[in-house]
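Protein chains in written order, with this note's numbering: chain B, 213 to 376; chain H, 81 to 416.
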């Protein structure tokens with residue numbers, strides 16, 4: 213059966229052509245195609261890795277942010293508290309100072325009034341004394357203008373003395 | 081809608097293909113008065129010095145004959161010289177053509193003619209080079225981009241061969257064997273598909289072609305065979321001594337049965353497919369009935385589709401077994 217007997221010529225041609233194909237395609241086709249496939253796979257893998265990394269980074273950043281926020285909130289609360297305390301203290305101090313100043317002013321005023329009063333009283337007293345003297349003088353001038361009146365006064369004094 | 085029209089186009093294409101083979105066949109069949117089915121079928125599946133498409137003056141392509149003999153040296157002439165105007169075989173310049181063999185004055189010569197199958201080899205190789213170089217060009221141009229055109233058609237097949245056939249069977253050093261296995265797969269696949277075209281030669285269904293491919297696998301397997309591989313063959317470890325003596329011849333026979341099984345499997349699968357197709361077409365001429373002819377044509381259409389499947393399967397199987405043999409020869413046998 214010729215069908216089952218391999219022909220020499222065809223074996224030779226097949227060997228030549230197939231070897232040539234293997235060499236040619238290895239160099240010109242398989243190498244670039246397989247390289248590009250590998251590169252693509254690597255780039256896809258890299259992209260996936262990068263995405264994964266970015267996701268982890270995001271999560272980390274988010275956690276960091278949360279922490280920062282918390283810290284900031286605490287800081288703010290602390291600062292607010294301190295400020296409130298400071299303002300309270302300042303208010304108290306100011307009140308105290310104001311009171312002290314007011315007290316001093318009042319005291320001073322009181323002292324000044326006292327002094328003024330005393331001076332005024334002294335003045336009044338002097339004035340009154342002078343007025344009394346003038347009144348007495350005028351009275352005396354009028355009453356003792358005659359001799360009779362002078363005598364009567366003397367007598368009256370004597371009488372008083374006598375009574376006493 | 082477009083998918084549907086695609087299907088229609090494909091269907092029509094297949095119908096045309098199967099019918100055109102019927103017609104080219106019919107033309108030939110009607111020529112001979114006594115229609116000898118087995119002779120015609122064998123003629124179709126075998127190699128030839130001429131490429132016969134249809135009857136008539138221009139229907140035959142006369143391929144060049146290249147012969148070498150120690151007497152005459154290398155001689156090249158057209159195979160047309162073997163045929164007279166009535167298509168009868170004649171002797172030319174001392175050379176005679178007898179059932180596909182060329183004799184010089186009764187003694188055989190080295191015949192390296194461009195036969196039908198050699199021409200098919202050239203066509204197959206050209207097609208592979210053109211397509212794969214286009215894909216390679218695409219791979220170089222579309223760096224960092226999505227594949228396009230031929231590249232995106234061939235890349236999944238290449239990936240299939242790499243990831244499903246080569247990698248799992250050979251292991252971590254698979255890259256050394258990848259170019260050979262890819263070439264093997266594409267050569268057989270395209271050869272099988274080309275062989276299904278009407279008028280095409282039965283190239284991958286020729287035992288010389290399959291034998292040569294199996295021979296390459298045989299050489300690569302045994303050249304890359306490591307110490308573990310050979311020690312398994314000659315002195316199987318972990319087996320009692322008397323058994324080793326029994327295993328030894330079995331293993332040695334096994335070295336050769338592997339390529340032989342590869343040779344025969346591909347040859348038989350493709351040739352048998354062609355014979356089945358031709359037999360079914362022949363039914364129409366045997367019974368000379370329109371009814372039988374139409375029914376057998378429908379079956380031919382169906383078988384043609386199966387043959388397309390077989391074309392892929394046989395390419396897969398040949399490559400798979402080659403990968404398995406190489407994997408067995410290069411595996412690190414530390415599990416014993």
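The C-beta atom is built at its ideal place from N, Cα and C for all residues, glycine as well.
Short Cβ contact (9 angstroms threshold) for residue i with residue j
i                      : j                      : result
residue 364 of chain H : residue 267 of chain H : no
residue 157 of chain H : residue 145 of chain H : yes
residue 230 of chain B : residue 351 of chain H : no
residue 358 of chain H : residue 121 of chain H : yes
residue 288 of chain H : residue 228 of chain B : no
residue 215 of chain H : residue 241 of chain B : yes
residue 163 of chain H : residue 406 of chain H : no
residue 284 of chain H : residue 342 of chain H : no
residue 159 of chain H : residue 184 of chain H : no
residue 175 of chain H : residue 147 of chain H : yes
residue 245 of chain H : residue 298 of chain H : no
residue 397 of chain H : residue 249 of chain H : no
residue 238 of chain B : residue 259 of chain H : yes
Where the alpha helix (DSSP H) through residue i begins and ends
i                      : result
residue 260 of chain H : 258-275
residue 178 of chain H : Run containing residue 178 of chain H: none in the alpha helix (DSSP H); it sits in the beta strand (DSSP E), 175-178.
residue 302 of chain H : 287-303
residue 387 of chain H : 370-410
residue 137 of chain H : Counting along the chain, residue 137 of chain H falls outside any alpha helix (DSSP H), and DSSP gives it neither H nor E.
residue 244 of chain H : Where residue 244 of chain H is concerned, there is no enclosing alpha helix (DSSP H), given that its DSSP letter is neither H nor E.
residue 202 of chain H : 196-221
residue 115 of chain H : It is not in any alpha helix (DSSP H) - residue 115 of chain H carries neither H nor E in the DSSP assignment.
residue 310 of chain H : 307-314
residue 284 of chain H : It is not in any alpha helix (DSSP H) - residue 284 of chain H carries neither H nor E in the DSSP assignment.
residue 356 of chain B : No alpha helix (DSSP H) holds residue 356 of chain B; DSSP gives it neither H nor E.
residue 334 of chain H : 321-367
Simplified DSSP assignment, three categories, for residue i
i                      : result
residue 157 of chain H : strand
residue 253 of chain H : coil
residue 191 of chain H : strand
residue 130 of chain H : strand
residue 145 of chain H : strand
residue 182 of chain H : strand
residue 369 of chain B : helix
residue 169 of chain H : strand
residue 216 of chain B : helix
residue 318 of chain B : helix
residue 106 of chain H : Reliability fails at residue 106 of chain H, whose pLDDT of 47 lies under 50, so the model's placement of it is uncertain and the value that follows must be treated cautiously. Residue 106 of chain H falls in the helix class under three-state DSSP.
residue 111 of chain H : Because residue 111 of chain H carries a pLDDT of 45, less than 50, the predicted location of this residue cannot be relied on, and the following value inherits that uncertainty. Three-state result, residue 111 of chain H: helix.
Residue-level contact to chain B via CB, residue i, 9 angstroms cutoff
i                      : result
residue 107 of chain H : Only weak support exists for where residue 107 of chain H lies, its pLDDT of 46 falling under 50; the coordinates are left without a value.
residue 81 of chain H  : Low local confidence applies: a pLDDT of 43 at residue 81 of chain H is under 50, so the model's placement there is unreliable, and no value is given.
residue 291 of chain H : yes
residue 288 of chain H : yes
residue 244 of chain H : no
residue 366 of chain H : no
residue 209 of chain H : yes
residue 119 of chain H : no
residue 402 of chain H : no
residue 223 of chain H : yes
residue 116 of chain H : no
residue 421 of chain H : As shown, chain H starts at 81 and ends at 416. That puts residue 421 of chain H outside it, with no answer to give.
residue 201 of chain H : yes
residue 228 of chain H : no
Any chain H beta carbon closer than 9 angstroms to residue i
i                      : result
residue 273 of chain B : no
residue 254 of chain B : no
residue 251 of chain B : yes
residue 247 of chain B : yes
residue 280 of chain B : no
residue 241 of chain B : yes
residue 244 of chain B : yes
Cβ-heavy atom distance, residue i to the ligand FMN, below 8 angstroms
i                      : result
residue 217 of chain H : Summarising the ligand content, the structure contains no ligands, and the ligand FMN is consequently not present.
Test: residue i CB closer than 9 angstroms to a CB of chain D
i                      : result
residue 198 of chain H : Here chain D cannot be found, since the structure's protein chains are B and H.
When you check each C-beta in the segment 256-269 of chain B against every C-beta of chain H, which residues fall closer than 9 angstroms?
-> Listed by position along the chain: nothing, the set is empty.
Output, in sequence order along the chain, the residues in the segment 214-230 of chain B whose CB is closer than 8 angstroms to any CB in chain H.
-> 214, 215, 216, 217, 218, 219, 220, 221, 222, 223, 224, 225, 226, 227, 229 and 230
Note down, in chain order, all residues in the segment 252-281 of chain H with a beta-carbon under 9 angstroms from any beta-carbon belonging to chain B.
-> 255, 258, 259, 260, 262, 263, 264, 266 and 267
Residues, ordered as in the chain, of the segment 323-341 of chain H that lie near chain B by beta-carbon distance below 9 angstroms | none
Members of the segment 172-196 of chain H that neighbour chain B once the beta carbon cut-off is set at 7 angstroms | 179, 180, 190, 191, 192, 193 and 195
What residues in the segment 290-321 of chain H have a beta carbon less than 9 angstroms from any beta carbon of chain B?
-> 290, 291, 292, 293, 295 and 296
Within 8 angstroms of chain B by C-beta, residues of the segment 125-145 of chain H in sequence order | When CB distances to chain B are screened at a threshold of 8 angstroms, the residues of the segment 125-145 of chain H falling below it are 125, 126 and 127, in chain order.
Which residues, taken in chain order from the segment 349-364 of chain H, show a beta carbon closer than 9 angstroms to some beta carbon of chain B?
-> Answer set for the segment 349-364 of chain H: 351.
Interface residues of the segment 380-394 of chain H facing chain B [CB-CB below 8 angstroms] = none
Going along the segment 230-244 of chain H in order, which residues come within less than 9 angstroms of chain B, judged by CB to CB distance?
-> 231, 234, 235, 238, 239 and 242
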